[in-house]
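**Q**
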């Protein structure tokens, strides 16, 4: 469960760039919540705040009941993040990359090895687990990054544009994995600037534009709210432009 | 509280276990970069031998040249007695080429003896006879020859004068009221100052260079490869991340220094180096003393380099900034060499200079002065702590994320 109330963040010398302004929404457990908005809408900044890397100027947010500022390190133990920057250690194998993060989360010995094995298996990486990630394809790298984010079995999972640069097969595989995680009762927050992505996967959609929430609800609710025929038309009507429709 | 909510949650890692996990991963990463690791380690162990063999052969050549002096002469026929004297002193006399001055200027000839055409006439009439030594003192290589030729001519002068006095019934010692005897207090180890300088300098240099590539890779490289942000989202605190990286880089640095010293040790103990009269010691004891002196440097340099690396967005940018640092560090010992003065005690507090001074003590075969040694630890260790704290602050800043 992620609760966001009035979250605000500005950048620039005098705080003149309002990246996120008074954002309020909730992402329940056992559901995939989509953050939809064109590039520059504030999705990455919002996720970085929830991941406790960026301190908000105002407002508050809680992940699993823990405050993202006061309890930042406790929050980090309970979230898995696939951030905008998702570089792997190219000289390490897939297994070593995942194992490293497991160790940083306090897993050791057989428990760590078993967890790493299971994840690599589930993500279809078993065959290349002991190869250096240097020569991996975008899709393979993405899977390793996901395994790394999930190694400590987090309750809440934040994904920043996870489908960027993936081919269609990888996207489909990713969707399956995210649905499986939803089935385990995890709280998933998924950001994208591509409407079709969000529509295909998310139970609830939060539409961001220029740092603000312009609408939130299920796909049907959004269509009703905007008074349009399709979600696509609703999206255009709500954000006031056709950005982000190119799939 | 965490455990109560989620009983299956793994036990919280301790800060120490996270630091060790980071250090272990960084070391693995360093050695996986085979090319960089091999170049660094192999050049560390090979540097000493190559260096020493070159230097020793250079010195041996100079010594040989000084021993069998070949002296081109102009106007030999004017002073047959002088020529005979020189030949008795094992000097090979040759006829100087006509363009000897140009050859000396070019460095083809080192020194030429010119006998004045009026030599015989002046000598016969009891006037001082003139010979000239033509040389270019700015050439280091020529100096032993110049000195040797000068000394031989002085010797001839003294001998001739004494013979004249004896002919007139005066004891030779009357004309030499002063005898200058050289008493050189340098022990055998203290000679060969150049070799001393180079060994100390190179040992110091190893502690500066050893951790460079890895320190920059683990900071600027981590940022460049976009793996810093995910790392910062783990429970590892910035201080732990910095401590782990520093531990790994220092370990690597220590390895490079140890290999460099091993190279020196093996070469000086076992290699058939030409005997050049600089039998300074570099045995197991000196090896140990070098390590003790260099420890603060092994700890400090990675801290500084981690800082430089963290300020840069990319590896190349960091490299450019490091070259300024390297310039300063490599210049200090050279300045000390040229000052040629007894160093003040506070020099121990100056990083690099303090270490260089102590390394020289070790190479002269003397025991390390403990007070000075302790003093030499102070500044590097304080600075290392300051730099590491600065790196931890840098990577906890939000702006570190902006530099994509």
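Chains as they are written, first to last, in the working numbering: chain Y, 1 to 247; chain X, 1 to 404. We put the beta carbon where it would ideally sit given N, CA and C, even for glycine. A quick note: this is a predicted structure, and the numbers were derived from the prediction, not measured.
#1: Which value, in whole angstroms, describes the spacing of the CA atoms of residue 19/Y and residue 138/Y?
#2: Do the CB positions of residue 38/X and residue 252/X come within less than 7 angstroms of each other?
#3: In chain X, which residues lie less than 8 angstroms from residue 105/Y when you measure between Cβ atoms?
#4: Would you list the one or two residues that DSSP bridges to residue 287/X?
#5: Is there a Cβ of chain X sitting closer than 7 angstroms to that of residue 185/Y, yes or no?
#6: List, in order along the chain, the chain X residues whose C-beta lies closer than 9 angstroms to that of residue 63/Y?
#7: Could you give the C-beta distance for residue 22/Y and residue 212/Y, rounded to a whole number, given that I count them as a contact under 8 angstroms?
#8: Just to confirm the assignment, what range does the alpha helix (DSSP H) spanning residue 57/Y have?
#9: What does residue 53/Y reach in chain X if we use C-beta pairs closer than 8 angstroms?
#10: Any residues in the stretch 91–123 of chain Y with a beta carbon nearer than 8 angstroms to a beta carbon of chain X? Which ones, in chain order?
#11: State the CB to CB distance for the pair residue 314/X and residue 220/X, rounded to an integer number of angstroms; the pair is presumed to be in contact (CB under 8 angstroms).
#12: Since residue 363/X and residue 196/X are thought to touch, with beta carbons under 8 angstroms apart, how far apart are those beta carbons, to the nearest angstrom?
#13: Please report the distance separating the alpha-carbon of residue 264/X from that of residue 71/X.
#14: Among 166/X, 241/X, 145/X, 349/X, which residue has its Cα nearest to the Cα of residue 22/X?
#15: Could you tell me the boundaries of the alpha helix (DSSP H) in which residue 112/Y lies?
#16: Can you pull the chain X neighbours of residue 81/Y, defined as C-beta to C-beta under 8 angstroms?
#17: Can you tell me which of the three DSSP states residue 214/Y falls into?
#18: Mind pulling the alpha helix (DSSP H) runs of 4 or more residues that sit fully within the stretch 22–90 of chain Y?
#19: Counting only C-beta atoms, is residue 58/Y closer than 7 angstroms to chain X at any point?
#20: Would you call the CB atoms of residue 69/Y and residue 54/Y closer than 7 angstroms?
#21: Which residues of chain Y have a Cβ atom closer than 8 angstroms to the Cβ of residue 316/X, listed in chain order?
#22: Give me the residue from 24/Y, 48/Y, 5/Y, 149/Y with the minimum Cα distance to residue 397/X.
#23: What residues from chain X crowd round residue 85/Y, counting only those whose CB sits closer than 8 angstroms?
#24: Please name the residue, chosen from 104/X, 54/X, 50/X, 120/X, that lies closest to residue 83/X on a Cα-to-Cα basis.
#25: Between which two residues does the alpha helix (DSSP H) containing residue 120/X stretch?
#26: Report the three-state DSSP secondary structure of residue 344/X (helix, strand or coil).
#27: Please specify which runs of the beta strand (DSSP E), each continuous and at least 3 residues long, are wholly inside the stretch 37–85 of chain X, giving them in chain order.
#28: Please classify residue 84/Y: is it buried, with 16 or more other beta-carbons within 10 angstroms of its beta-carbon, or exposed?
#29: State the Cα-Cα distance for the pair residue 218/X and residue 148/Y, rounded to the nearest angstrom.
#30: Rounded to a whole number of angstroms, what is the C-alpha to C-alpha distance between residue 174/Y and residue 145/Y?
#31: Comparing C-alpha positions only, which one of 165/Y, 168/Y, 167/Y, 181/Y sits nearest to residue 151/Y?
#32: Nearest CA to the CA of residue 386/X: which residue from 370/X, 305/X, 366/X?
#33: In the structure shown, what three-state DSSP assignment does residue 25/X receive?
#34: Looking at the unbroken alpha helix (DSSP H) that takes in residue 204/Y, where does it start and where does it end?
#35: Using C-beta distances below 7 angstroms, list every residue in its chain close to residue 310/X, excluding the 5 sequence neighbours before and after it, in chain order.
#36: For residue 262/Y, write down the residues that DSSP places opposite it in a beta bridge.
**A** To lay it out plainly:
#1: Distance from the CA of residue 19/Y to the CA of residue 138/Y, rounded to the nearest whole angstrom, comes to 29 angstroms.
#2: Not in contact: residue 38/X and residue 252/X (Cβ atoms no closer than 7 angstroms).
#3: Result: 10, 13, 234, 235.
#4: Bridge partners of residue 287/X according to DSSP: none are assigned.
#5: It does not: the Cβ of residue 185/Y has no partner Cβ on chain X nearer than 7 angstroms.
#6: Close to residue 63/Y, with beta-carbon spacing below 9 angstroms, lies no residue of chain X; the smallest spacing is near 12 angstroms.
#7: So it is a contact: roughly 7 angstroms between Cβ atoms.
#8: Taken as a continuous stretch (DSSP letters only), residue 57/Y belongs to no alpha helix (DSSP H), as it is neither H nor E.
#9: 229, 232, 233, 398, 401, listed in chain order.
#10: Listed in sequence order: 91, 92, 96, 100, 101, 103, 104, 105, 106, 107, 108, 111.
#11: The pair is a contact, with the Cβ atoms about 6 angstroms apart (cut-off 8 angstroms).
#12: So it is a contact: roughly 5 angstroms between Cβ atoms.
#13: Between residue 264/X and residue 71/X, the C-alpha separation is close to 38 angstroms.
#14: Closest option to residue 22/X, Cα to Cα, is 241/X.
#15: That run of the alpha helix (DSSP H) goes 109–122.
#16: Simply 230, 233.
#17: Strand, per DSSP.
#18: DSSP runs (the alpha helix (DSSP H)) wholly in the stretch 22–90 of chain Y: 43–50, 72–78.
#19: Residue 58/Y does not count as touching chain X.
#20: No.
#21: Result: empty, since nearest Cβ-Cβ is about 17 angstroms, beyond 8 angstroms.
#22: Checked all of 24/Y, 48/Y, 5/Y, 149/Y; the closest Cα to residue 397/X is 48/Y.
#23: Those within 8 angstroms of residue 85/Y in chain X are 226, 227, 228, 229, 230, 401, 404.
#24: Nearest C-alpha to residue 83/X among 104/X, 54/X, 50/X, 120/X: 120/X.
#25: Residue 120/X -> alpha helix (DSSP H) spans 119–124.
#26: DSSP places residue 344/X outside both helix and strand once states are collapsed to three, so it counts as coil.
#27: Those beta strand (DSSP E) runs which fall completely within the stretch 37–85 of chain X and span 3+ residues are 70–74.
#28: So residue 84/Y counts as buried.
#29: Here the alpha carbons of residue 148/Y and residue 218/X stand approximately 19 angstroms from one another.
#30: If I take the Cα positions, the gap works out to 12 angstroms.
#31: Looking at the Cα atoms, 181/Y is the closest of the given residues.
#32: Nearest option by C-alpha distance: 305/X.
#33: Three-state result, residue 25/X: helix.
#34: Run containing residue 204/Y: none in the alpha helix (DSSP H); it sits in the beta strand (DSSP E), 204–209.
#35: If you ignore the 5 residues before and after residue 310/X, its C-beta comes within less than 7 angstroms of the C-beta of 219, 391, 394, 395, all in its own chain and listed in chain order.
#36: Chain Y is shown only over 1 to 247; residue 262/Y falls outside these bounds and no answer can be derived.
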